[in-house]
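In the UniProt record's numbering, the protein residues as written are 1 to 175.
The structure appears right after this line, and notes come after that.
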């Protein structure tokens, strides 16, 4: 059902994300939908949780690829994941922003992950003094894309990500 919800948002826009639209897209009964997601808010929580799970799985993969004795492995993995191009659909990102505006409590799990990530990236500054600057700039680049207001070309964004990666890897390969 979460896949169906993402398709509805990507195809029709955030304003059209309703339980009925997801039921139609998923080809399930309304009762089946309500069993898993009793409200649109619950559906949004599910979408956010899955987004965080995907991100944390990528961070875990990057950390596992590091040498066992790599210093500041958590910070390196989080920053490397942030530097990578994020495949989040613009409409999906806008849906999460709209949901947060409607009910800021929906973002509580995201706040927790960001606090943990910030601490890990801050610890990395012992090796990479600009780690938090890189982390925040990559998030800024990502959100400009979500909002559809980035003044940068795809080539410019790729070059900025490459520069960030070079800075990170000066002290060891994060992969």
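Yeah, the Cβ is synthetic: ideal placement off N, Cα and C, and Gly gets one too.
Being a predicted model, the structure only gives us computed values, none of them experimental.
On the DSSP letters alone, give me the boundaries of the alpha helix (DSSP H) that residue i sits inside.
i: residue 126; result: First-last for residue 126: undefined, no H or E at that position.
i: residue 3; result: 2 to 12
i: residue 32; result: 30 to 36
i: residue 158; result: 154 to 169
i: residue 25; result: 19 to 26
By Cβ distance below 7 angstroms, which residues in the same chain neighbour residue i in space, the five residues on each side in sequence not counted?
i: residue 117; result: 78
i: residue 25; result: 4, 7, 8
i: residue 130; result: 167
i: residue 103; result: 41
i: residue 36; result: 1
Cutting at 8 angstroms between CB atoms, please list the residues of its own chain near residue i, excluding the five before and the five after it.
i: residue 40; result: 17, 18, 19
i: residue 58; result: 81, 84
i: residue 132; result: 118, 121, 122, 125
i: residue 48; result: 96, 99, 106, 107, 109, 110
i: residue 112; result: none
Round the Cβ separation of residue i and residue j to the nearest angstrom and send it over; I've been treating them as touching at under 8 angstroms.
i: residue 115; j: residue 74; result: Not a contact, Cβ separation roughly 13 angstroms.
i: residue 72; j: residue 108; result: With a Cβ gap of about 27 angstroms, residue 72 and residue 108 do not count as contacting.
i: residue 2; j: residue 32; result: Between residue 32 and residue 2 the Cβ distance is about 14 angstroms, and since that is not below 8 angstroms, they are no contact.
i: residue 92; j: residue 10; result: 7 angstroms
i: residue 136; j: residue 164; result: Not really, about 11 angstroms apart at Cβ, beyond 8 angstroms.
i: residue 70; j: residue 76; result: 7 angstroms
Helix, strand or coil for residue i, going by three-state DSSP, please let me know.
i: residue 51; result: helix
i: residue 130; result: coil
i: residue 95; result: helix
i: residue 41; result: helix
i: residue 150; result: coil
i: residue 178; result: Since the first residue of the chain shown is 1 and the last is 175, residue 178 is not available in this structure.
i: residue 67; result: coil
i: residue 85; result: coil
Just to confirm my understanding: we take residue i, look at its own chain, exclude 5 residues before and 5 after, and list those with CB closer than 6 angstroms. What are they?
i: residue 23; result: 30, 33
Does the Cβ of residue i lie closer than 6 angstroms to at least one heavy atom of the ligand FMN?
i: residue 77; result: Absent from the structure shown: the ligand FMN. Ligands present: none.
> Taking one C-beta from the stretch 88 to 104 and one from the stretch 145 to 158 each time, how about it: are there three or more such pairs within less than 8 angstroms?
Replying inline: yes
> Do the stretch 130 to 141 and the stretch 47 to 65 meet, that is, are 3 or more Cβ pairs less than 8 angstroms apart?
Replying inline: no
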